[in-house]
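Student: To start, I am sharing the structure in question, which I have written as structure tokens.
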Amino acid sequence: MTTHATARPAAKAAAKPATMAQALQRAMRDAMAEDPTVHVLGEDVGTLGGVFRVTDGLAKEFGEDRCTDTPLAEAGILGTAVGMAMYGLRPVVEMQFDAFAYPAFEQLISHVSRMRNRTRGAMPMPIVVRVPYGGGIGGVEHHSDSSEAYYMATPGLHVVTPATVEDAYGLLRAAIASDDPVVFLEPKRLYWSKSDWSPEAPAAVEPIGKAVVRRRGTSATLITYGPSLPVCMEAAEAAQAEGWDLEVVDLRSLVPFDDETVAASVKRTGRAVVVHESAGFGGPGGEIAARVTERCFHHLEAPVLRVAGFDIPYPPPMLERHHLPGVDRVLDAVARLQWEAGS
Amino acid sequence: MDSLQQRSSTVQEPPGAALAYRPTPPPAWQPRTDPAPLLPDAEPLRVLGTDAVADADPELLRRLYAELVRGRRYNAQATALTKQGRLAVYPSTTGQEACEVAAALALEERDWLFPSYRDTLAAVARGLDPVQALTLLRGDWHTGYDPHEHRIAPLCTPLATQLPHAVGLAHAARLKGDDVVALAMVGDGGTSEGDFHEALNFAAVWQAPVVFFVQNNGFAISVPLAKQTAAPSLAHKAVGYGMPGRLVDGNDAVAVHQVLTEAVTRARRGGGPTLVEAVTYRIDAHTNADDATRYRGDGEVETWRAHDPILLLERELTERGLLDEDGRREAAEAAETMAAALRERMNADPVLDPMDLFAHVYAERTAQLREQAEQLRAELDAESEAG
Ligand SMILES: Cc1ncc(C[n+]2csc(CCOP(=O)(O)OP(=O)(O)O)c2C)c(N)n1
Numbered sequence: 001m002t003t004h005a006t007a008r009p010a011a012k013a014a015a016k017p018a019t020m021a022q023a024l025q026r027a028m029r030d031a032m033a034e035d036p037t038v039h040v041l042g043e044d045v046g047t048l049g050g051v052f053r054v055t056d057g058l059a060k061e062f063g064e065d066r067c068t069d070t071p072l073a074e075a076g077i078l079g080t081a082v083g084m085a086m087y088g089l090r091p092v093v094e095m096q097f098d099a100f101a102y103p104a105f106e107q108l109i110s111h112v113s114r115m116r117n118r119t120r121g122a123m124p125m126p127i128v129v130r131v132p133y134g135g136g137i138g139g140v141e142h143h144s145d146s147s148e149a150y151y152m153a154t155p156g157l158h159v160v161t162p163a164t165v166e167d168a169y170g171l172l173r174a175a176i177a178s179d180d181p182v183v184f185l186e187p188k189r190l191y192w193s194k195s196d197w198s199p200e201a202p203a204a205v206e207p208i209g210k211a212v213v214r215r216r217g218t219s220a221t222l223i224t225y226g227p228s229l230p231v232c233m234e235a236a237e238a239a240q241a242e243g244w245d246l247e248v249v250d251l252r253s254l255v256p257f258d259d260e261t262v263a264a265s266v267k268r269t270g271r272a273v274v275v276h277e278s279a280g281f282g283g284p285g286g287e288i289a290a291r292v293t294e295r296c297f298h299h300l301e302a303p304v305l306r307v308a309g310f311d312i313p314y315p316p317p318m319l320e321r322h323h324l325p326g327v328d329r330v331l332d333a334v335a336r337l338q339w340e341a342g343s
Numbered sequence: 001m002d003s004l005q006q007r008s009s010t011v012q013e014p015p016g017a018a019l020a021y022r023p024t025p026p027p028a029w030q031p032r033t034d035p036a037p038l039l040p041d042a043e044p045l046r047v048l049g050t051d052a053v054a055d056a057d058p059e060l061l062r063r064l065y066a067e068l069v070r071g072r073r074y075n076a077q078a079t080a081l082t083k084q085g086r087l088a089v090y091p092s093t094t095g096q097e098a099c100e101v102a103a104a105l106a107l108e109e110r111d112w113l114f115p116s117y118r119d120t121l122a123a124v125a126r127g128l129d130p131v132q133a134l135t136l137l138r139g140d141w142h143t144g145y146d147p148h149e150h151r152i153a154p155l156c157t158p159l160a161t162q163l164p165h166a167v168g169l170a171h172a173a174r175l176k177g178d179d180v181v182a183l184a185m186v187g188d189g190g191t192s193e194g195d196f197h198e199a200l201n202f203a204a205v206w207q208a209p210v211v212f213f214v215q216n217n218g219f220a221i222s223v224p225l226a227k228q229t230a231a232p233s234l235a236h237k238a239v240g241y242g243m244p245g246r247l248v249d250g251n252d253a254v255a256v257h258q259v260l261t262e263a264v265t266r267a268r269r270g271g272g273p274t275l276v277e278a279v280t281y282r283i284d285a286h287t288n289a290d291d292a293t294r295y296r297g298d299g300e301v302e303t304w305r306a307h308d309p310i311l312l313l314e315r316e317l318t319e320r321g322l323l324d325e326d327g328r329r330e331a332a333e334a335a336e337t338m339a340a341a342l343r344e345r346m347n348a349d350p351v352l353d354p355m356d357l358f359a360h361v362y363a364e365r366t367a368q369l370r371e372q373a374e375q376l377r378a379e380l381d382a383e384s385e386a387g
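Line by line, the protein sequences are chains P and A.
So the first sequence is residues 1 to 343, counted in this note's numbering.
So the second sequence is residues 1 to 387, counted in this note's numbering.
Given below as structure tokens:
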């Protein structure tokens, strides 16, 4: 199986705007309809349809054997998914919230990520681990973590995060079709974002590992992903007033990393800011800045800057707006890109 | 208004007087399962030395004997290989051979075995090439063998983490309509891990065809069972999950084989999972790197040596006229042949290709891995040019 599944044929029904949650649900539904080995499992994914309703209707349509409410045990969920994959199934696992995936880390790191390697390719792990992540929804403690750096640091995993409704469909289809494990990070504050894309219309399946330029520009590149994409798009619009024409790159996939698209953009613009909401120290931005610097040193007019969440445990909901990088912080960073020698 | 007055008058009544409003009684509570049939017997099951041996198939008895002798020799040979530096480490199962062999022989070909890092012998008894079984411990690859070939999952080092895999596989097989059973092995220490508990719970809820096989060999490295659990026995843990727990003398090969076979058959027929605890003893140290004299006395080891699985079976078979001098010699010779072949093959240096480092990380190499592979290629070329 390749990562390029075919696009679904267009249905006749009238196009209604779809939310990201609906697009994700549609992706699972289409994958399950096409491939009987695709199974969804997790806490409350069946009758309830998931606490975010992303698996809504799947149990009804495909039965409880295909969309299974499991006991409440994340290591058990992912651990049994490993065994299911060993027997030829393609499990799609839902972790209810970012911070509740931590009990499953041992299975993810010690088994899911390296089973192919330890068995010399004999035992691939076509598992998707869906993790709603990030803040901005007023969640209480343990409901807003951005854990992407932990996943990125584990060889053998793909780490993917959509920022648009279309990508939510396209990337999840690709993730399910992938013969390798994919940690699929769903920006939960974008679950209800809408798009004119309709679940009734065909959608492209995006190959994993390709970044996309969301906005063309010439003055600097904003490198971002997931929940920070809308922030960067807004910042780019606002920057126009200051005479800055910003390019915005949506990474979509953190592992593998699309060095080519990112470097090509930064070589064009000569300046770059990485924007994400997880903590900056030890975070994805450091890795990205280093990669960009290694490839674009002679094209850079300024150091690669980072705009990230503070290096603090995710704050309580009444304070989270101070933590999350917003448009102003991005624009401040852009202003600092007017670097002068010796400054 | 009426009712308010009524309430206030109720409050003023002396204690013990009838309440005007009675709380609705809760629905009658009932246990979901009668726990009695799930409880293990008070004593571990023994077959050797009892009349029950007469029911055992003589062919099976001879086979068990030959495998025990071969297993003991395998343990000795592998231990010797660590001393010669051919193996990085070897966790011996000397004294536990009955468990290892019975685990392998209780399964049909289509079933799956999920061994822990100690269970090399079970994998070999199931048919895995002895050299391939040692790849992990020699250090030339992590697992090395194809798990599908003999339906043996990779030898698992993080304790108990293979148990949920066994549940998932058995569950998947049942969903597909295959009557496949998974047998998952774990040590006494491993029963304290969260994955053990999650696996048992999933298996019971899903009624997955799994057999959990605990080899209680007395110690987790140096920590005795008393510091591991306060449960009456490890088999008792089954009851809380809603599956039967079975206790068996782990040095009685016939008893272990019988209990495991019953559990496997039960699982295959849709009866759900079983937890089997075999009470046994690890005669050797934890590994060659361990000093067992720090945590146990010679007396204890000697007591268990007298209860040796090979001695027990040999005595029984001899008394029953199923084994004579020729039979013993035959088994010993077969074991010696295996050991000699193992020695010879393990004395050859494995041929390693460093480029394999990048071969099986992802189905397709990422751009990053392609770059790194080129770097290593260049380093290797430079090395070979330098001679
Ligand atoms: C998760 C985990 N923690 C710690 C270890 C280190 N370790 C290896 S073997 C062992 C003791 C295991 O004892 P037990 O489960 O009784 O199995 P036995 O060695 O007796 O077969 C320990 C602590 C490990 N392998 N995995």
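Think of the CB as a built atom: it goes at the ideal place given N, C-alpha and C, for glycine as much as any other residue.
Just so it is clear, the structure is predicted and the values come from calculations on it, not from any experiment.
Provide the residue span of the beta strand (DSSP E) that contains residue 185(A), from first to last.
Tutor: 182-187 is the span of the beta strand (DSSP E), which, as asked, contains residue 185(A).
Student: From the DSSP output, which residues share a beta bridge with residue 112(A)?
Tutor: DSSP lists 182(A) as partners of residue 112(A).
Student: Under 7 Å, Cβ to Cβ, is there at least one residue of chain A near residue 44(P)?
Tutor: Not one chain A Cβ lies under 7 Å of residue 44(P).
Student: Quick check: what's the CA-CA separation for residue 297(A) versus residue 222(A)?
Tutor: If I take the Cα positions, the gap works out to 12 Å.
Student: Is it the case that the CB of residue 113(A) approaches a heavy atom of ligand 1 more closely than 6 Å?
Tutor: Residue 113(A) Cβ: outside cutoff for every heavy atom of ligand 1.
Student: Could you name the residues of the same chain whose beta carbon sits closer than 8 Å to that of residue 57(P), not counting the 5 residues immediately before and after it, in chain order?
Tutor: Cβ neighbours of residue 57(P) beyond the five flanking positions: 25, 29 and 49.
Student: May I have the straight-line CA-CA distance separating residue 110(P) from residue 340(P), to the nearest angstrom?
Tutor: If you take the alpha carbons of residue 110(P) and residue 340(P), they lie about 47 Å apart.
Student: Hey, would you say the C-beta of residue 189(A) is under 6 Å away from at least one heavy atom of ligand 1?
Tutor: Indeed, a heavy atom of ligand 1 lies less than 6 Å from the Cβ.
Student: Are at least three pairs of beta-carbons, each pair with one atom in the region 115-134 of chain P and one in the region 144-164 of chain P, less than 8 Å apart?
Tutor: Short answer: they touch.
Student: Which one of 79(P), 119(P) and 74(P) has the shortest CA to CA distance from residue 146(A)?
Tutor: Closest option to residue 146(A), Cα to Cα, is 119(P).
Student: Identify whether residue 113(P) lies in helix, strand or coil by the three-state DSSP scheme.
Tutor: Coil, per DSSP.
Student: Report all residues from its chain with a CB closer than 6 Å to the CB of residue 194(P); omit the five preceding and five following residues, and keep chain order.
Tutor: Excluding residues within five positions, the ones whose Cβ falls inside 6 Å are 17 and 19.
Student: With a floor of 4 residues, list each alpha helix (DSSP H) that falls wholly inside the region 228-300 of chain A, ordered by position along the chain.
Tutor: Counting only runs of 4 or more, we get 237-241 and 253-268.
Student: Within its chain, find whatever has a CB closer than 7 Å to the CB of residue 68(A); leave out the 5 residues flanking it on each side and keep chain order.
Tutor: Closer than 7 Å at Cβ, skipping near neighbours: 97, 98, 101, 253, 309, 310 and 313.
Student: Would you say residue 154(A) touches ligand 2, meaning its beta carbon is less than 6 Å from a heavy atom?
Tutor: Ligand 2 is absent from the structure shown, which contains only ligand 1.
Student: Leaving out the 5 sequence neighbours to the left and right, which residues in its chain are closer than 8 Å to residue 261(P) when beta-carbon positions are compared?
Tutor: Excluding positions up to five away in sequence, the list reads 210, 211, 212, 213 and 249.
Student: Any heavy atom of ligand 1 closer than 6 Å to the Cβ of residue 118(A)?
Tutor: Answer for residue 118(A): yes, Cβ within range of ligand 1.
Student: Using a Cβ cut-off of 8 Å, pull out every chain P residue sitting near residue 198(A), in sequence order please.
Tutor: The answer, in chain order, is 71, 73, 75, 76 and 79.
Student: What residue range is occupied by the uninterrupted alpha helix (DSSP H) comprising residue 174(P)?
Tutor: Residues 165-177.
Student: Taking residue 69(P) as part of the beta strand (DSSP E), name the residues at either end of that continuous run.
Tutor: Unbroken beta strand (DSSP E) run through residue 69(P): 67-69.
Student: Please state whether DSSP places residue 256(P) in a helix, a strand or coil.
Tutor: Note: residue 256(P) maps to coil in three-state DSSP.
Student: Does the beta carbon of residue 94(A) fall short of 6 Å from some heavy atom of ligand 1?
Tutor: No; taking the cut-off as 6 Å, the Cβ of residue 94(A) has no heavy atom of ligand 1 nearer than that.
Student: Comparing the C-beta of residue 175(P) with each C-beta of chain A, is any distance below 7 Å?
Tutor: Not closer than 7 Å to any Cβ of chain A, the Cβ of residue 175(P) fails to qualify, so no.
Student: So residue 247(A) and residue 211(A) are in contact, right, with Cβ under 8 Å, and what is the actual spacing, rounded?
Tutor: So it is not a contact: roughly 14 Å between Cβ atoms.
Student: Measure from the C-beta of residue 469(A) to each C-beta in chain P and report whether the shortest distance is under 7 Å.
Tutor: An answer regarding residue 469(A) cannot be provided, because it is not within the stretch 1 to 387 covered by chain A.
Student: Cβ of residue 232(A) versus every heavy atom of ligand 1: is any distance shorter than 6 Å?
Tutor: Incorrect: residue 232(A) has no Cβ contact closer than 6 Å to ligand 1.
Student: Reducing DSSP to helix, strand and coil, say where residue 385(A) ends up.
Tutor: Of the three classes helix, strand and coil, the one that applies to residue 385(A) here is helix, per DSSP.
Student: Go ahead and label residue 63(P) buried or exposed: buried means 16 or more other beta carbons lie within 10 angstroms of its beta carbon, across all protein chains shown.
Tutor: When all chains shown are included, residue 63(P) counts as exposed.
Student: Quick one: Cα of residue 268(A) to Cα of residue 44(P), how far?
Tutor: Computed Cα separation, rounded: 29 Å.
Student: In chain order, what residues of the same chain lie with their CB nearer than 6 Å to the CB of residue 156(A), ignoring the 5 residues before and after it?
Tutor: Contacts found: 116 and 162.
Student: Under 8 Å between beta-carbons, which chain A residues line up against residue 65(P)? List them in chain order, please.
Tutor: Residues of chain A passing the Cβ test: 175.
Student: So the alpha helix (DSSP H) residue 285(P) belongs to, where does it begin and stop?
Tutor: Taken as a continuous stretch (DSSP letters only), the alpha helix (DSSP H) holding residue 285(P) covers 284-296.
Student: Which residues, taken in chain order from the region 99-122 of chain P, show a beta carbon closer than 7 Å to some beta carbon of chain A?
Tutor: Here the close residues are 106, 107, 110, 111, 116, 117, 118, 119, 120, 121 and 122.
Student: Please state whether the Cβ-Cβ distance between residue 82(A) and residue 288(A) is less than 7 Å.
Tutor: Yes, Cβ-Cβ distance for residue 82(A) and residue 288(A) is below 7 Å.
Student: Which residues in the same chain have their Cβ closer than 8 Å to the Cβ of residue 330(P), if we skip the five residues on either side of it in sequence?
Tutor: 222, 231, 232, 235, 273, 275 and 307.
Student: Taking C-beta pairs closer than 8 Å, name the residues in chain P that residue 169(A) reaches, listed in chain order.
Tutor: The answer, in chain order, is 83, 84, 86 and 87.
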